[in-house]
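Here the structure is laid out as structure tokens; the discussion comes afterwards.
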Ligand SMILES: Cc1cc2nc3c(=O)[nH]c(=O)nc-3n(C[C@H](O)[C@H](O)[C@H](O)COP(=O)(O)OP(=O)(O)OC[C@H]3O[C@@H](n4cnc5c(N)ncnc54)[C@H](O)[C@@H]3O)c2cc1C
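Residue numbers (the numbering used here): 2 to 382.
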């Protein structure tokens, strides 16, 4: 029996892969499954658009992860009947002035050096793809292999697929302690019911025995009670505010992902247009701020002025689980039977299928597969 701490997209993806391999597991989730960062995300799967100089080490994992998505989305839909809105229209990165264009050119050249498929466009060519783009757009990069998915539909589908394959999700159940005996993880203590953060508040506490424990608790992974220092992942919360506008689904004004200097826009098949996201270091605070929302609306308006006319239908904030080097923390720890799958920062949706496969395979075979090596917590010393 494997216990997975946290029912976000990462915990669910691991659980589903274990179930497919015939390994029994229980996911323990203190709230509702999939309602953490995985609900807040934009669902972009863009290793191409986002490549930065410091991320070159991570790029092979991002590309391998993205390659799994088309089949993964199809398999999820086949297993559950849930359409996860997998879209293959690509992404446009746009420049609004000379400085933006210089930066975009630098990024374009870097992407080309990595052998990625990207195309340099004039403003006019970009407007042929997206007619509602501002006249101020002077240049753009088209990245056809950048896809996106409805992450909320994905977590709902993953929970259904996992349960359908025999997995157990225990919601409103908080892990309040890790049981380690003779240097080995043997289970977790859980407090059952909706309550405050600590046990001893009237909730019943029980112990779940396990052959291995996987910590997939997102931004909260570092503070998990009972984690020994040697296995504590250096993960912190990085806040992201987002909002959604409502387009006419039959005549959307944005049809593919658009990355502007101060906001990105992600269309959904049902007519929603997501606008994100701020990047803020505010601990576990998820307050929406006037400045955050104003910045996103301005950033969207600068790229697509027609956004001004659209109804604003939702605002929210979530916490990215971010490691010290922005790469995920995957694999076994110095404590036997204790595994980590956290720190996915802004790539958790993209990396969910590959994380699920690597961790499940690692648990079955007793060691991380080659593609996941080098991402263990020991790299932080
Ligand atoms: C605004 C925003 C936009 C984003 N956009 C994208 C994007 O476009 N593409 C992309 O790939 N990624 C994106 N991300 C990043 C992505 O959302 C995360 O990397 C990913 O969701 C992390 O998944 P997770 O399962 O680790 O964390 P979470 O979804 O946060 O799940 C962790 C779960 O653990 C539970 N938990 C915590 N402690 C305990 C405990 N003690 N006991 C029981 N349960 C516990 C929590 O309740 C939570 O449900 C975005 C993130 C944000 C915030």
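Ideal Cβ positions, reconstructed from N, Cα and C, are used throughout, including at glycine.
From a predicted model like this one, the values you see are computed outputs, not experimental measurements.
For residue 127, the enclosing alpha helix (DSSP H) has its first and last residue at 124-130. Look at residue 175 here: in three-state DSSP terms it is strand. With contacts defined by Cβ atoms closer than 8 Å, residue 189 and residue 215 do not form a contacting pair. Buried is the label assigned to residue 322, since at least 16 other Cβ atoms lie within 10 Å of its Cβ. Look at residue 62 here: in three-state DSSP terms it is helix. From the listed residues 186, 158, 168 and 193, the smallest Cα separation to residue 174 is found for 193. Pairwise C-beta distances place the stretch 325-343 out of contact with the stretch 242-252, as fewer than three of them are shorter than 8 Å. Distance from residue 304 to residue 138 at the Cβ level is roughly 7 Å; contact confirmed, criterion being Cβ atoms closer than 8 Å. No heavy atom of ligand 1 is found nearer than 7 Å to the CB of residue 89. By a beta-carbon distance limit of 8 Å, residue 45 does not contact residue 369. Their separation comes to about 26 Å. For residue 354, the shortest C-beta to heavy atom distance toward ligand 1 is 7 Å or greater. Checking the DSSP bridge columns, you'll see residue 29 partnered with 6 and 171. Around the Cβ of residue 13, a 10 Å sphere holds 16 or more other Cβ atoms; the residue is buried. Assignment of residue 190 by DSSP, reduced to helix, strand and coil, places it in the strand class.
Residue 289 is positioned such that its CB atom lies closer than 8 Å to that of residue 318. Burial check for residue 250: the Cβ neighbour count within 10 Å stays below 16, so the residue is exposed. Distance from the Cα of residue 71 is smallest, within the candidate group 142, 88 and 114, for 88.
Taking a C-beta distance under 8 Å as the contact criterion, residue 26 and residue 16 qualify as a contact pair. Listed in chain order, the non-local C-beta contacts of residue 357 below 7 Å within the same chain comprise 14, 15, 17 and 18, local neighbours out to five positions each way being set aside.
Closest by C-alpha distance to residue 94, out of 75, 60 and 134, is 134.
At the C-beta level, residue 84 and residue 269 stay beyond 8 Å of one another.
The three-state secondary structure of residue 115, taken from DSSP, is coil. Take residue 149, set aside five residues on each side of it, and the residues of its chain with a beta-carbon closer than 7 Å to its own are 44, 45, 46, 88, 258 and 267, in chain order. A contact is defined here as three or more CB-CB pairs under 8 Å, and the stretch 215-227 meets this definition with respect to the stretch 335-355. The C-beta of residue 380 has fewer than 16 other C-beta atoms within 10 Å across all chains shown, which makes the residue exposed. Using a Cβ distance threshold of 8 Å, residue 176 and residue 10 do not count as a contacting pair.
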